[in-house]
Every structure is written in structure tokens, then in C-alpha cells.
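Structure first, commentary second.
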Amino acid sequence: MKAANYLRSLIVLLSVTFFLAACEKEEMMDPENISSEILAPDVTEAPVITITRSPEDGQSFMKGYTINIAGTVSHSTAVAQLYIGLVRGNSELSDAEINSHNSITMLNQTEFEDPGLVDFDARIVTGATYDNDKTPKELTGDLEWLDMEYFIIVKARAAFNGPTEISQRFVINIEGCECEG
Numbered sequence: 003m004k005a006a007n008y009l010r011s012l013i014v015l016l017s018v019t020f021f022l023a024a025c026e027k028e029e030m031m032d033p034e035n036i037s038s039e040i041l042a043p044d045v046t047e048a049p050v051i052t053i054t055r056s057p058e059d060g061q062s063f064m065k066g067y068t069i070n071i072a073g074t075v076s077h078s079t080a081v082a083q084l085y086i087g088l089v090r091g092n093s094e095l096s097d098a099e100i101n102s103h104n105s106i107t108m109l110n111q112t113e114f115e116d117p118g119l120v121d122f123d124a125r126i127v128t129g130a131t132y133d134n135d136k137t138p139k140e141l142t143g144d145l146e147w148l149d150m151e152y153f154i155i156v157k158a159r160a161a162f163n164g165p166t167e168i169s170q171r172f173v174i175n176i177e178g179c180e181c182e183g
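Following our numbering, the numbering of the sequence shown begins with 3 at its first residue and continues without gaps.
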């Protein structure tokens, strides 16, 4: 008799355990209980920009000469964007405001073979008709080449809306573009 009671108790206990486990599994599979929120890392450090080759301060470039700047950008998480612009020296834009819409684009890149360490070599020919943006812009109007002082700036933004690092300004002079300045 004791064995029968024990067996009956064991069957009841196992039935209740399986029932509770099934309910819990069903609750976990309920779409209302599944979170679709993806948490991005909190990126607080800016990328590091290292320039390995740049024009000399105040260097002059005649029409048809190539302007070049090279280096690396590194970040512990990932670099999301690298932008290198050529800006008129009389521009009233802050460094943070400079982008592909208001400067001559030497390089605008968002896809990288190794987003933790990005090598770059940006160049543009003085007097070129188009810049080097993803969709090249015709260099007319506010972006037309003028005989005047310009500066090159390198901007690198960390992934996940992390901070942006901005290089020093590399000042150059453009001459012989047959324009007013």
C-alpha cells in the first residue's frame, strides 16, 4: 500500500512539474514577453587620428597639382565614418559643421575592411571638376576653386553614435585656378 501511495504521489508531482514547465515555456514564447530592444554599447571614447603624410604648412598648389594627406584612424570598438574635407580659409564654419555638403570632399568613407584600424590616403587634383564624395559633386558656386588659402581637415566618428575626433587644420594655398579670389 505504501508503494502505491508513493507511486501515486510521484505521478502527481511529475505531472504538476511538467505542467508548470510547459506553462513557463509557453509564456516565454509569447510575443508580448519577448523584448525586441537591441542595446548598443555605450561608446564614450573618440577615434585616434594619426597623420603620416600631409602638405607643409602654407604649401602652395598650382592648378593640376595633386593635394595629398595620408594616415590612420583607430578605435577600440569601430570607426563608423571617415571624412576628409578641403575648406576655404575664409569659411566661417566651425570644424564640427564641416561636412560633404559644404566642403570639397577628398574622402568620405563608411565601410572599412578593418573598422578598428583604418588606413587612408586621400588626394584631389587642384582645379578638378568634381570632388571625391560617394556621389561626386560638381565644384561650382560655393565649392568652386578659388586662388586663396584653404585648409584640410580629417574627421573620424566612432560607431554607435560615438564621439567624433577632428584633426588639426592643414593650411595650404591654391594658385593659378584662373578664378577670382
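A virtual CB, placed ideally from N, CA and C, is assigned to each residue, including glycine. Keep in mind it's a predicted model, so treat the numbers as computed, not measured.
| Check | Outcome |
| --- | --- |
| Residue 76 versus residue 163 - alpha carbon distance | 16 Å |
| Nonlocal neighbours in the same chain, by C-beta distance under 6 Å from residue 111, ignoring five residues either side | 84 |
| Residue 107 burial status per 10 Å Cβ neighbour count (16 or more: buried) | buried |
| With 16 other Cβ atoms within 10 Å as the buried cut-off, status of residue 177 | exposed |
| Beta-bridge partners of residue 140, as assigned by DSSP | 132 |
| Burial state of residue 134 (16 or more Cβ within 10 Å) | buried |
| Start-to-end residues for the beta strand (DSSP E) that takes in residue 100 | No beta strand (DSSP E) holds residue 100; DSSP gives it neither H nor E. |
| Beta-bridge pairing of residue 78 - partner residues as DSSP gives them | DSSP lists no partner for residue 78. |
| Distance CB(residue 88)-CB(residue 105) smaller than 8 Å | yes |
| Alpha-carbon to alpha-carbon, residue 39 and residue 157 | 30 Å |
| Beta-carbon proximity of residue 121 to residue 168, cut-off 8 Å | no |
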